[in-house]
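Following this note's numbering from start to finish, the sequence shown increments by one per residue and tops out at 684. Note that the Cβ used here is the ideal one computed from N, Cα and C, for glycine as well. In what follows, a structure is listed as structure tokens, so that the remarks can point back to it.
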Amino acid sequence: MLRGLARRSALLNNRSTLSKCVQHGRRFSLVRPLASAVTKKALEARPTLLKTPGEQVLESSASSALHAEIKELVYNNASPTLESFHQALKSCAAAGDLNSALEVLTSMYSETTRSVTPSFETYQLLLETAKESADVDLTIFLVKSVLEGRAPVAYSSGQQPEVALNLSEFTAESLELNLDVWESCLSALVSPSKIWSDDYGRLGTEALWVLQKMKEVGVRSFNENIWGLFIRTLGCTGSEASIPGVLHQLLASDEAMTPSIYAQAICAYSRCGNLPKALELYDEMVSIYGASPYKEPLWALAMNTSKAGDFANTKKLALAAQNLDAAHSSEKRSYDFTPHLLRVSSNAIRKKTGVNSEKLISHWDSLIAEVEESGKLFDKEYFGLYLEGHGCMNLLDAQKYPIDHIKRMLQSTGNLTGLEAYQAAIASYARTGECAEKPKFRLQRILEIGEMMKAQGLEFDATVYYHMFEACLPHQVFAYGPESNITSIKNASLDYDFDWSVYDVERMMMKQGIAHNRKTLLAMFYGFAFGGQYESIKRRWRELSLSRVHRDRDLYTSLVSILKEDYKEAIYALTVVRHQMSRESPPIEPDANLFSAAIRLLLANKGYLSHP
Numbered sequence: 073m074l075r076g077l078a079r080r081s082a083l084l085n086n087r088s089t090l091s092k093c094v095q096h097g098r099r100f101s102l103v104r105p106l107a108s109a110v111t112k113k114a115l116e117a118r119p120t121l122l123k124t125p126g127e128q129v130l131e132s133s134a135s136s137a138l139h140a141e142i143k144e145l146v147y148n149n150a151s152p153t154l155e156s157f158h159q160a161l162k163s164c165a166a167a168g169d170l171n172s173a174l175e176v177l178t179s180m181y182s183e184t185t186r187s188v189t190p191s192f193e194t195y196q197l198l199l200e201t202a203k204e205s206a207d208v209d210l211t212i213f214l215v216k217s218v219l220e221g222r223a224p225v226a227y228s229s230g231q232q233p234e235v236a237l238n239l240s241e242f243t244a245e246s247l248e249l250n251l252d253v254w255e256s257c258l259s260a261l262v263s264p265s266k267i268w269s270d271d272y273g274r275l276g277t278e279a280l281w282v283l284q285k286m287k288e289v290g291v292r293s294f295n296e297n298i299w300g301l302f303i304r305t306l307g308c309t310g311s312e313a314s315i316p317g318v319l320h321q322l323l324a325s326d327e328a329m330t331p332s333i334y335a336q337a338i339c340a341y342s343r344c345g346n347l348p349k350a351l352e353l354y355d356e357m358v359s360i361y362g363a364s365p366y367k368e369p370l371w372a373l374a375m376n377t378s379k380a381g382d383f384a385n386t387k388k389l390a391l392a393a394q395n396l397d398a399a400h401s402s403e404k405r406s407y408d409f410t411p412h413l414l415r416v417s418s419n420a421i422r423k424k425t426g427v428n429s430e431k432l433i434s435h436w437d438s439l440i441a442e443v444e445e446s447g448k449l450f451d452k453e454y455f456g457l458y459l460e461g462h463g464c465m466n467l468l469d470a471q472k473y474p475i476d477h478i479k480r481m482l483q484s485t486g487n488l489t490g491l492e493a494y495q496a497a498i499a500s501y502a503r504t505g506e507c508a509e510k511p512k513f514r515l516q517r518i519l520e521i522g523e524m525m526k527a528q529g530l531e532f533d534a535t536v537y538y539h540m541f542e543a544c545l546p547h548q549v550f551a552y553g554p555e556s557n558i559t560s561i562k563n564a565s566l567d568y569d570f571d572w573s574v575y576d577v578e579r580m581m582m583k584q585g586i587a588h589n590r591k592t593l594l595a596m597f598y599g600f601a602f603g604g605q606y607e608s609i610k611r612r613w614r615e616l617s618l619s620r621v622h623r624d625r626d627l628y629t630s631l632v633s634i635l636k637e638d639y640k641e642a643i644y645a646l647t648v649v650r651h652q653m654s655r656e657s658p659p660i661e662p663d664a665n666l667f668s669a670a671i672r673l674l675l676a677n678k679g680y681l682s683h684p
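This is the structure:
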């Protein structure tokens, strides 16, 4: 059926190098090993009767079987048609396999299939595949090629072929005539399959380029979907200040604030970290339209409320998603709220958001029962959150949730445990109140987990050492207050006999060659501060100018907070603020947080107020 693809191996053998394309100054190979174009889910959804030979080839689940059947079709003189190529692209779209889709397009331009030329539908299918794909590089390559009027194929010489797109709608001069193309390009860049990845900022930048391109060619009239994608793009790039202006333009163009637009605005504000505004828009949407027909804004909100430890709102959003009638949702992606519910339990405890302990325990027990029943407890996405949550529950009820249960769970998983799960276990041991008078107990357990990590080829990183410094702090820091107490000492009367393990952890870190980051540095500083080792803090503060850690405004603010409980050190802290900040490169200006910390320092040392 796909004659061009069948001869791909022969073509490559006659050429010296694989084709490459250039994008953003980096070179990456466009031609990769052919992946299966059809997932099991896509196969189950396909009809089972009256299948053509081409359809039978496409339903092969293994690449080797796909190649074998294509060769057989070629030997039988089966000629590929535009319809058969489109059938292949539809299968690629169902699987989100953009790499294979681009290979299909390349084969259409090859010497053996000159009689078949791509159509408008061909490129729409390619963009639909890009929308479902998680491959950022290939998506950007495809979008730029289409909007710049180039065929997104590459030959082994490394040069783009001199092949023009066969439809005028795909040339840069006439793209304004077809909003569907613009919409497809934007959708491919900021689709749900990519927007929540680590590359969202880069994708947002490329989407802004598309919007600028629309402006250059004179596109002024947007439809509802493009307005929504515009708002989503602003969220990706962190352009929160621009969102109200875009919403105003939308209303001025006689478009309505539909549930779809509300959903995009909620996601954008969530991405920018403005949770109050996102919740305000959600409540406004529900008051006007009733239940939201979209799960993504609920998922985006729940992600942020769970991080904030907002137990009530996270439960509310998860329940709204559970009650959502799927028949009214056009979303293809499934949104799993269970990780948010696991995470909010931990954060509500660590940040002491005021949730009743019995309510948290009841929620946790029922949630874990559901996860165990689903058989997903040991999945990578769940297991680390489970260990972290169990460690937090240990702070509420050590008898019901013994801390050593975590170690037993790690041992039961063997080599299936990932780094995130080990880090969660180490954090739990660092903060437990069991054997509270013995910090060395917590460190010993952490080192035992470290041996388990090494058996799997995993090494300690800065995150692990951060938790080891936490283990040297008095357990009351975690039992009596939120996690933020590690950056704000409020109770200097804690009966704490300084544990010299802080120095041991630092030596281990230096021996392994792990450099300090802000979190490890501050955790170590607070360990010294609780033990009255202020000279160690000041010496390391001076050494910072020789290290890779930049002494920025946040570090200065933290230093003032650390030293405020001791009169002599308070004088040093203010001296640092007065003289050293202006000498940094570039000079650092104080902000409201730094002034607030300085005022708290003065109030804590009232005798200093009368000092010149």
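Using the rule of at least 16 other Cβ atoms within 10 Å of the residue's Cβ for burial, across every protein chain shown, is residue i buried or exposed?
i	result
residue 204	buried
residue 217	buried
residue 390	buried
residue 62	Any question about residue 62 goes unanswered here, given that the chain covers just 73 to 684.
residue 342	buried
residue 520	exposed
residue 699	Within the shown structure, residues of the chain are numbered from 73 to 684, placing residue 699 beyond reach of any answer.
residue 669	buried
residue 362	exposed
residue 688	A query on residue 688 cannot be resolved here, the shown segment of the chain reaching from 73 to 684 and no further.
residue 421	buried
residue 211	buried
residue 640	exposed
residue 136	Low local confidence applies: a pLDDT of 41 at residue 136 is under 50, so the model's placement there is unreliable, with the coordinate-based value given in what follows. Flag for residue 136 reads exposed.
residue 171	buried
residue 633	buried
residue 572	exposed
residue 664	exposed
residue 650	exposed
Can you list, in chain order, the residues of its chain with a C-beta nearer than 7 Å to that of residue i? Leave out the 5 residues immediately preceding and following it.
i	result
residue 330	296
residue 499	460, 463, 539
residue 435	417
residue 340	303, 304, 306, 307, 315
residue 147	Residue confidence for residue 147 is low, a pLDDT of 35 falling below 50, so the modelled location carries little weight; the figure read from the coordinates is stated next. Result list for residue 147: empty, nothing under 7 Å.
residue 280	305, 309
residue 357	331, 334, 364
residue 469	433
Beta-carbon within less than 6 Å of residue i's beta-carbon, same chain only, minus the 5 sequence neighbours each way: which residues are those?
i	result
residue 333	300
residue 263	203
residue 272	308
residue 360	none
Mind checking whether residue i and residue j have CB atoms under 8 Å apart?
i	j	result
residue 467	residue 505	yes
residue 514	residue 496	no
residue 379	residue 419	yes
residue 635	residue 644	yes
residue 314	residue 306	yes
residue 291	residue 302	no
residue 269	residue 206	yes
residue 191	residue 154	yes
residue 433	residue 481	no
residue 577	residue 537	yes
residue 354	residue 365	no
residue 606	residue 545	no
residue 623	residue 661	no
residue 541	residue 595	yes
residue 349	residue 381	no
residue 608	residue 600	yes
Between residue i and residue j, which are expected to be in contact by the criterion C-beta below 8 Å, what is the C-beta distance as a whole number of angstroms?
i	j	result
residue 534	residue 592	6 Å
residue 413	residue 439	6 Å
residue 267	residue 304	7 Å
residue 687	residue 275	The structure shown has nothing for residue 687, since the chain only spans 73 to 684.
residue 666	residue 648	Wrong, their Cβ atoms sit about 11 Å apart, outside the cutoff.
Excluding five sequence neighbours on each side, which residues of the same chain lie with their C-beta closer than 8 Å to the C-beta of residue i?
i	result
residue 282	215, 219, 254, 257, 258, 261
residue 193	158
residue 454	410, 411, 414, 443, 448
Taking 7 Å as the cut-off, is the beta-carbon of residue i closer than that to any non-hydrogen atom of the ligand ZN?
i	result
residue 282	With respect to the ligand ZN, the structure offers nothing, as it holds no ligand at all.
Stretch pair the region 165 to 177 + the region 197 to 213: three plus CB contacts closer than 8 Å: They touch, by the three-pair rule.
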